[in-house]
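Student:
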């Protein structure tokens with residue numbers, strides 16, 4: 004099985020974090036653009052990508068590159084509703100294995116649950132959430148909690164795409180109760196009304212699409228229990244092999260480590276660098292079984308251990324480099340982290356045989 008690959012570009016620095024998107028979605032956008040006779044080769048090249056970078060079932064590109072390419076394709080098309088029109092004609096392959104999982108669920112509710120559970124395969128910047136309210140179920144299509152909302156065409160594709168997927172797998176022309184977008188309203192909404200069946204509202208706090216709770220019981224036309232279990236296993240395997248940089252703890256620890264010499268950065272400073280709100284970052288860390296404080300402590304310990312391997316640095320210097328102005332505070336903290344003093348750790352590490 005192919006190992007997941009990640010292609011980066013200069014746009015990573017614009018985003019401030021290395022979030023990634025399944026290349027299947029971008030392949031779909033490019034194929035749609037080509038069907039409209041839009042030149043695509045130079046668009047990829049300008050983003051530092053080649054067609055081969057998008058090949059393979061687990062190929063990934065940075066979210067920044069994906070957004071920039073989609074924006075340029077939309078500009079070249081002259082279609083003010085480019086994202087909507089692509090979503091209108093998409094097939095399951097645009098959703099990678101997640102779309103096929105939805106198509107082989109027993110009910111629409113189960114399909115939505117699977118999309119939420121495996122949404123990180125599609126993109127790891129935002130998460131797909133399903134919220135059960137008193138009189139509605141609300142689907143947040145991957146944009147929830149982000150400080151920097153998806154560009155308009157990406158957000159509209161994701162939202163209508165969720166509706167199109169639900170319609171396809173149930174063979175029912177579902178009409179949502181409401182559609183909300185975080186971005187400002189475009190000049191004309193005729194296509195939005197035609198495709199959604201309702202007129203969305205704009206400049207909202209979150210991007211979402213809501214349904215009558217009864218739709219969750221709708222059966223999926225092509226449900227095959229045996230195939231569903233195989234797809235589940237494959238999706239879990241893909242999730243387990245996503246790049247480490249996509250894991251939220253690794254991103255937070257890297258950002259914290261870079262700032263420790265100036266003191267411990269608060270979560271309010273770290274979250275915006277990941278294009279997340281503080282609350283969303285706390286939630287995502289909790290989902291991974293950890294907390295911001297634990298990640299900070301881990302960053303402290305690993306950085307201290309790394310510096311202690313350098314005999315040129317005094318213990319006082321190391322304490323300062325990891326954010327402790329008082330050596331005694333560093334001594335106590337290191338003992339709490341490791342069960343031994345910095346001096347003992349250094350001596351023990353010195354006595355270990357060298358590798359190789």
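Numbering (the numbering used here), first residue to last: 4 to 359.
Note that the Cβ used here is the ideal one computed from N, Cα and C, for glycine as well.
Nothing here was measured: the structure is a model prediction, and the numbers come from that model.
Quick check on this structure: which residue in 93, 111, 229 has the alpha carbon closest to the alpha carbon of residue 169?
Tutor: What you label residue 169 is simply residue 166 of the chain shown in a count that begins at 1. Measuring from the Cα of residue 169, the nearest candidate turns out to be 111.
Student: Kindly indicate the opening and closing residues of the beta strand (DSSP E) around residue 317.
Tutor: Against the chain shown, residue 317 aligns to sequence position 314. Counting along the chain, residue 317 falls outside any beta strand (DSSP E), and DSSP gives it neither H nor E.
Student: List the residues that DSSP assigns as beta-bridge partners of residue 211.
Tutor: For this step, residue 211 is matched to residue 208 along the chain shown. According to DSSP, which records beta bridges pairwise, residue 211 is partnered with 183.
Student: Which of helix, strand or coil does DSSP assign to residue 135?
Tutor: The residue labelled residue 135 in the question sits at position 132 within the chain shown. Strand at residue 135.
Student: Would you please state the rounded distance, in angstroms, between the beta carbons of residue 86 and residue 157? I believe it to be under 8 Å.
Tutor: One-based indexing of the chain shown puts residue 86 at position 83. One-based indexing of the chain shown puts residue 157 at position 154. Residue 86 to residue 157, Cβ: 6 Å. Contact.
Student: Out of 347, 115, 82, 153, state which residue places its alpha-carbon closest to the alpha-carbon of residue 140.
Tutor: For this step, residue 140 is matched to residue 137 along the chain shown. Comparing Cα positions, the closest option is 115.
Student: Alpha carbon to alpha carbon, how far is residue 120 from residue 235?
Tutor: Against the chain shown, residue 120 aligns to sequence position 117. Against the chain shown, residue 235 aligns to sequence position 232. Those two C-alpha atoms are separated by around 10 Å.
Student: By Cβ distance below 7 Å, which residues in the same chain neighbour residue 192 in space, the five residues on each side in sequence not counted?
Tutor: Numbered from its first residue, the chain shown carries residue 192 at position 189. Excluding positions up to five away in sequence, the list reads 202.
Student: So, at 8 Å on beta carbons, what are the nonlocal neighbours of residue 295 in its own chain, with the 5 sequence-adjacent residues on each side left out?
Tutor: Working through the chain shown from its first residue, we reach residue 295 at position 292. These residues qualify, in order along the chain: 255, 270, 273, 284, 285, 288.
Student: With DSSP run on the structure shown, which of helix, strand or coil describes residue 267?
Tutor: Start at 1 with the first residue of the chain shown, and residue 267 comes out as number 264. Residue state, collapsed to three classes: coil.
Student: So, at 8 Å on beta carbons, what are the nonlocal neighbours of residue 179 in its own chain, with the 5 sequence-adjacent residues on each side left out?
Tutor: In the chain shown, counting from the first residue as 1, residue 179 sits at position 176. If we look at residue 179 and ignore the five residues flanking it on each side, its Cβ neighbours are 166, 199, 200, 201, 212, 213, 214.
Student: In the DSSP assignment, find the alpha helix (DSSP H) that holds residue 228 and state where it starts and stops.
Tutor: In the chain shown, the residue the question calls residue 228 occupies position 225. Taken as a continuous stretch (DSSP letters only), the alpha helix (DSSP H) holding residue 228 covers 228 to 243.
Student: Which residue spans inside the stretch 59 to 133 form an unbroken beta strand (DSSP E) run of at least 3?
Tutor: 62 to 65, all fully within the stretch 59 to 133.
Student: Expressed to the nearest angstrom, what Euclidean distance is found between the alpha-carbon atoms of residue 333 and residue 275?
Tutor: Taking the first residue of the chain shown as 1, we reach residue 333 at position 330. Taking the first residue of the chain shown as 1, we reach residue 275 at position 272. Using only the alpha carbons, I get a separation of about 29 Å.
Student: Find out if the Cβ-Cβ distance for the pair residue 35, residue 98 is shorter than 9 Å.
Tutor: In the chain shown, residue 35 corresponds to position 32, counting from 1. In the chain shown, residue 98 corresponds to position 95, counting from 1. No, the pair does not count as a contact, with Cβ atoms beyond the cut-off.
Student: Here's a check: name, in chain order, each residue in its chain whose Cβ is nearer than 8 Å to the Cβ of residue 79, leaving out the five neighbours to either side.
Tutor: Start at 1 with the first residue of the chain shown, and residue 79 comes out as number 76. Cβ within range, chain order: 36, 41, 42, 46.
Student: Who are the Cβ neighbours of residue 339 in its own chain at under 7 Å, not counting the five residues just before and after it?
Tutor: In the chain shown, the residue the question calls residue 339 occupies position 336. Same-chain partners within the cutoff: there are none.
Student: Ordered along the chain, which non-local residues of its own chain (more than five positions away) have a Cβ less than 6 Å from that of residue 206?
Tutor: Walking along the chain shown from the start, residue 206 turns up at place 203. Within the same chain, residue 206 has close Cβ partners 187.
Student: Less than 9 Å between the beta carbons of residue 44 and residue 126, yes or no?
Tutor: As a position in the chain shown, residue 44 is number 41, starting the count at 1. As a position in the chain shown, residue 126 is number 123, starting the count at 1. No, the pair does not count as a contact, with Cβ atoms beyond the cut-off.
Student: Does residue 221 come out as helix, strand or coil in the three-state DSSP assignment?
Tutor: For this step, residue 221 is matched to residue 218 along the chain shown. Residue 221 falls in the coil class under three-state DSSP.
Student: Thinking just about the alpha-carbon of each residue, which of 317, 144, 216, 324 is nearest to the one in residue 136?
Tutor: Position 133 of the chain shown, counting from 1, holds the residue named residue 136. The shortest C-alpha separation from residue 136 is found at 216.
Student: Measure the CB-CB distance between residue 302 and residue 263 and report whether it falls below 9 Å.
Tutor: Residue 302 sits at position 299 when you count from the first residue of the chain shown. Residue 263 sits at position 260 when you count from the first residue of the chain shown. For residue 302 and residue 263, yes; Cβs fall inside 9 Å.
Student: Take the Cβ of residue 70 as the centre, count every other Cβ of all protein chains shown within 10 Å, and call the residue buried at 16 or more, exposed below.
Tutor: Position 67 of the chain shown, counted from the first residue, corresponds to residue 70. Residue 70 comes out buried.
Student: What does a CB cutoff of less than 8 Å around residue 38 pick up in its chain, not counting 5 residues either side in sequence?
Tutor: On the chain shown, position 35 is the one that residue 38 refers to. For residue 38, where only same-chain residues beyond five positions count, there are no Cβ hits under 8 Å.
Student: Quick one: what does DSSP say residue 296 is sitting in, helix, strand or coil?
Tutor: On the chain shown, position 293 is the one that residue 296 refers to. Residue state, collapsed to three classes: helix.
Student: Nearest to residue 265 by alpha carbon, out of 195, 281, 328?
Tutor: Within the chain shown, residue 265 is the residue found at index 262, counting from 1. When each option's Cα is compared against that of residue 265, the closest is 328.
Student: Would you mind sorting residue 63 into buried or exposed? The rule is 16 or more other CB atoms within 10 Å of its CB.
Tutor: Start at 1 with the first residue of the chain shown, and residue 63 comes out as number 60. With 16 or more Cβ atoms within 10 Å of its Cβ, residue 63 is classed as buried.
Student: Use the C-beta contact count for residue 204: other C-beta atoms within 10 angstroms, 16 or more gives buried, fewer gives exposed.
Tutor: Reading the chain shown from its first residue, position 201 is the one you call residue 204. Under this definition residue 204 is an exposed residue.
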